[in-house]
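Take any residue in the sequence shown, note its place counting from 1, add 142, and you have its number in the working numbering.
First up is the structure itself, then whatever we jot down about it.
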Amino acid sequence: MLSPASEARLQDVMPALADKIRQMAAILALDPEPIALVVSAGARTWAEQHALFLQGRSLPGDIVTDADGGQSWHCLGVAVDCEPEVVNGEIDWKASHPQWKRMEAVGVSLGLTTGANWIRLVDAPHFQLTGGFPVNAPNDEARQIYQNEGAAAFWAEVESSL
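Have a look at this one:
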């Protein structure tokens with residue numbers, strides 16, 4: 143089961159993605175060594191994504207994304223960030239930890255794309271469901287559908303290509 147905070151982060155993403163994340167959490171909870179899944183991020187506004195993009199560049203902190211505002215699937219509600227809880231709310235941030243590998247495997251088995259397999263900037267917490275759209279970043283067509291017709295229309299387009 144996901145915590146109330148994790149469930150709240152799923153409220154603004156595509157329902158099909160939220161369902162897959164809940165399935166992933168249920169599967170991980172049934173493992174011989176159960177893993178609690180934490181959803182740390184869901185949909186982001188373009189401004190929120192831009193602020194993350196500036197981190198490690200013109201703002202303090204480490205670089206955590208190569209995607210500027212509108213260039214992340216988070217901005218279109220088809221991506222979330224998840225982490226395996228190790229003990230009492232603590233996260234082991236070493237992506238080589240067996241719990242991370244198990245989480246990634248379950249996500250992929252459910253049809254999700256994981257940022258753990260990316261080459262340039264590995265993003266182990268990232269999971270997305272983009273259907274027939276490009277995996278790497280939203281293209282002009284995706285952004286136009288989202289901006290002109292709204293999230294529901296874009297999500298229907300994604301789901302139709304699954």
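Backbone N, C-alpha and C fix where the C-beta goes; we use that ideal spot for every residue, glycine too.
| Item | Value |
| --- | --- |
| Reducing DSSP to helix, strand and coil, say where Val155 ends up. | coil |
| Roughly how many angstroms lie between the CA atoms of Val300 and Lys236, to the nearest whole one? | 32 Å |
| Just the C-alpha distance for Met143 and Val155, rounded to the nearest angstrom, thanks. | 18 Å |
| Would you call the segment 171-179 and the segment 249-262 in contact, with 3 or more CB pairs under 8 Å? | no |
| Between which residues of its own chain and Glu230 is the CB-CB distance below 6 Å, once the five residues before and five after are set aside? | Position check: residue 230 holds Asn in this sequence, whereas Glu was assumed. Result list for Asn230: empty, nothing under 6 Å. |
| Give me, in chain order, the residues of the same chain whose beta-carbon lies closer than 8 Å to that of His192; leave out the 5 immediate sequence neighbours on both sides. | Asp210, Gly211 |
| Is Gln191 helix, strand or coil by DSSP? | helix |
| Who are the Cβ neighbours of Glu225 in its own chain at under 7 Å, not counting the five residues just before and after it? | Val180, Ser182, Ile233, Pro267 |
| Around the Cβ of Asp223, are there at least 16 other Cβ atoms within 10 angstroms (buried) or fewer (exposed)? | buried |
| Per DSSP, Thr207 forms a beta bridge with which residues? | BP columns for Thr207 are empty, so no partner. |
| Express the C-alpha separation of Ile163 and Gln241 in angstroms, rounding to a whole number. | 16 Å |
| Given this structure, state the Cα-to-Cα distance separating Ala160 from Met245, to the nearest angstrom. | 15 Å |
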